[in-house]
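Shown next, in structure tokens, is the structure this report addresses.
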Amino acid sequence: MTRTRKVLLSAFLTLISFSCFIYMPPSLSQTVTKSIAVSSIEQHTEELTTEASGVSKLLEWIGIGAIVLAAWLWRAEFGVTQLGPLGGPELVIQQKAGAPSKPSEESGPPRIVDLARVSAEMNDAEAKHRLDHIMQMFQKVHSISASYVARDLGVTTDTARTYLYSLVKAGQLRADGFPKHTIYTPAKSLENRILDVARQKLSQTHGVLSERRYVRIGKMHDIDAILESEDITFIVEAKILRSADLISRLDSWVLQMLNVAKDLHAEKIACVLAVACLDEATADTVKKQASGFTFDSGSVPVEIMVFSESDLPS
Numbered sequence: 199m200t201r202t203r204k205v206l207l208s209a210f211l212t213l214i215s216f217s218c219f220i221y222m223p224p225s226l227s228q229t230v231t232k233s234i235a236v237s238s239i240e241q242h243t244e245e246l247t248t249e250a251s252g253v254s255k256l257l258e259w260i261g262i263g264a265i266v267l268a269a270w271l272w273r274a275e276f277g278v279t280q281l282g283p284l285g286g287p288e289l290v291i292q293q294k295a296g297a298p299s300k301p302s303e304e305s306g307p308p309r310i311v312d313l314a315r316v317s318a319e320m321n322d323a324e325a326k327h328r329l330d331h332i333m334q335m336f337q338k339v340h341s342i343s344a345s346y347v348a349r350d351l352g353v354t355t356d357t358a359r360t361y362l363y364s365l366v367k368a369g370q371l372r373a374d375g376f377p378k379h380t381i382y383t384p385a386k387s388l389e390n391r392i393l394d395v396a397r398q399k400l401s402q403t404h405g406v407l408s409e410r411r412y413v414r415i416g417k418m419h420d421i422d423a424i425l426e427s428e429d430i431t432f433i434v435e436a437k438i439l440r441s442a443d444l445i446s447r448l449d450s451w452v453l454q455m456l457n458v459a460k461d462l463h464a465e466k467i468a469c470v471l472a473v474a475c476l477d478e479a480t481a482d483t484v485k486k487q488a489s490g491f492t493f494d495s496g497s498v499p500v501e502i503m504v505f506s507e508s509d510l511p512s
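So the sequence shown is numbered by this note's numbering: it starts at 199 and just counts up by one.
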């Protein structure tokens with residue numbers, strides 16, 4: 199029963215009890231006088247008075263019962279388990295804390311809990327939860343840093359670096375910009391897979407290439423990757439094309455890379471646009487569009503690489 203209903207019911211019972219005593223009719227009394235002659239001189243008189251309680255007695259019992267029921271509703275608050283004939287000791291009660299354990303002939307000695315093992319398992323579970331949470335961050339952002347992870351998880355930056363390093367070691371993340379401005383991206387993201395295959399293709403003709411990904415040139419330009427050999431520097435942009443219309447986007451993409459090339463100040467520089475075709479875009483159709491596209495890039499060579507999804511490393 200809710201507290202509000204208990205208050206209303208107890209108030210109603212109390213009102214009934216008071217009404218029974220206030221409006222109780224007076225008892226009717228009747229006196230009978232009897233005279234007994236002891237002798238001719240002495241006479242003894244007796245009086246017998248009777249009361250007819252009737253309705254008054256009934257109302258009295260109703261009033262008493264109502265006030266008892268009103269008090270019984272609050273037995274838990276008063277700590278009372280029995281009120282007159284009502285109630286009794288509770289059949290089911292909560293055991294007291296600190297009570298000694300009950301011995302059993304079948305049970306052996308109490309098992310010793312390996313607290314060190316339990317603590318290690320708990321730490322492992324918490325670490326796994328945090329690692330999973332870090333990977334879910336990429337649903338909202340393209341890249342993360344140790345300070346970003348530390349703020350999100352509420353841990354120190356060093357602890358965040360430890361988590362990120364374990365993900366890099368497991369092959370789930372890629373770290374770029376080490377050690378000063380390290381950012382982390384999913385190793386198997388579409389952009390990284392496109393850059394992987396573009397680098398592999400360029401290294402076949404230019405040998406070993408050093409690489410920096412996700413860098414900023416000056417204060418204006420963000421670029422996906424810079425690859426360098428002994429004699430040339432490549433600016434590489436990774437793009438994802440989901441429709442077959444390449445021409446409407448190609449001009450702005452190439453122009454962006456040429457602007458970056460002007461600010462890079464390398465002796466010999468080339469631009470590479472690496473495009474991955476997904477969904478409705480087919481590599482053959484896009485390659486035909488790219489081969490027929492002409493633009494004035496000045497002295498900066500521009501190469502357009504077109505890949506199907508099957509060309510990308512898994």
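C-beta: ideal position from N, C-alpha, C; glycine also. Just so we're clear, the structure is a prediction, and the values are computed from it rather than from any experiment.
Reduced DSSP category for residue 431 - H, G, I as helix; E, B as strand; rest coil: Your numbering for residue 431 matches position 233 in the sequence shown. Per DSSP, reduced to three states, the secondary structure at residue 431 is strand.
Straight-line Cα distance separating residue 433 from residue 458: As a working note, residue 458 is residue 260 in the sequence shown. As a working note, residue 433 is residue 235 in the sequence shown. Their Cα atoms are separated by approximately 8 Å.
Sub-8 Å separation of residue 409 and residue 425 beta-carbons: The residue labelled residue 409 in the question sits at position 211 within the sequence shown. The residue labelled residue 425 in the question sits at position 227 within the sequence shown. The answer is yes: Cβ separation under 8 Å.
Sheet register partners of residue 504 (DSSP bridge): Numbered from 1 along the sequence shown, position 306 holds the residue referred to as residue 504. Answer is 473, bridged to residue 504.
Burial state of residue 421, where buried means 16 or more other Cβ atoms lie within 10 Å: The residue you call residue 421 lines up with position 223 of the sequence shown. So residue 421 counts as buried.
3 or more residues per run - each beta strand (DSSP E) lying fully within the region 389-426: DSSP runs (the beta strand (DSSP E)) wholly in the region 389-426: 408-415 and 419-426.
Given residue 496 as reference, the closest of 376, 385 and 460 once Cα atoms are compared: The sequence position of residue 496 within the sequence shown is 298, counting from 1. Looking at 376, 385 and 460, the one whose alpha-carbon comes closest to that of residue 496 is 460.
Pairwise C-alpha distance: residue 406 and residue 344: Counting from one through the sequence shown, the residue named residue 344 turns up at place 146. Counting from one through the sequence shown, the residue named residue 406 turns up at place 208. Roughly 30 Å separates the two Cα atoms.
Three-way DSSP call (helix, strand, coil) for residue 204 in this model: For the purposes of this step, residue 204 is taken as residue 6 along the sequence shown, with counting starting at 1. Residue state, collapsed to three classes: helix.
Cβ neighbour criterion (16 or more within 10 Å) applied to residue 209: On the sequence shown, residue 209 is found 11 positions in, with the first residue counted as 1. With fewer than 16 Cβ atoms within 10 Å of its Cβ, residue 209 is classed as exposed.
Residue 371, DSSP secondary structure in three states: On the sequence shown, residue 371 is found 173 positions in, with the first residue counted as 1. Note: residue 371 maps to strand in three-state DSSP.
Buried/exposed call for residue 261, threshold 16 Cβ in 10 Å: Here the question's residue 261 lines up with position 63 in the sequence shown. Residue 261 comes out buried.
Within 8 Å, strictly: CB atoms of residue 505 and residue 475: For the purposes of this step, residue 505 is taken as residue 307 along the sequence shown, with counting starting at 1. For the purposes of this step, residue 475 is taken as residue 277 along the sequence shown, with counting starting at 1. At a Cβ-Cβ threshold of 8 Å, residue 505 and residue 475 count as neighbours.
Nearest-angstrom Cα separation, counted from residue 446 out to residue 464: Residue 464 sits at position 266 when you count from the first residue of the sequence shown. Residue 446 sits at position 248 when you count from the first residue of the sequence shown. So the alpha carbons of these two residues sit roughly 29 Å apart.
Residue range of the unbroken alpha helix (DSSP H) whose run includes residue 480: By 1-based counting over the sequence shown, the position of residue 480 is 282. Note, residue 480: premise wrong, no alpha helix (DSSP H); not H, not E.
CA-to-CA distance, residue 325 to residue 356, given in whole angstroms: Along the sequence shown, one-based indexing puts residue 356 at 158. Along the sequence shown, one-based indexing puts residue 325 at 127. Their backbone Cα atoms lie some 14 Å apart in a straight line.
Cβ neighbour criterion (16 or more within 10 Å) applied to residue 382: One-based indexing of the sequence shown puts residue 382 at position 184. Buried, because 16 or more other Cβ atoms sit within 10 Å of the Cβ of residue 382.
Residue 382, enclosing beta strand (DSSP E) - first and last residue: Here residue 382 refers to the residue found at position 184 when the sequence shown is read from its first residue. Residue range 381-384 is occupied by the beta strand (DSSP E) that includes residue 382.
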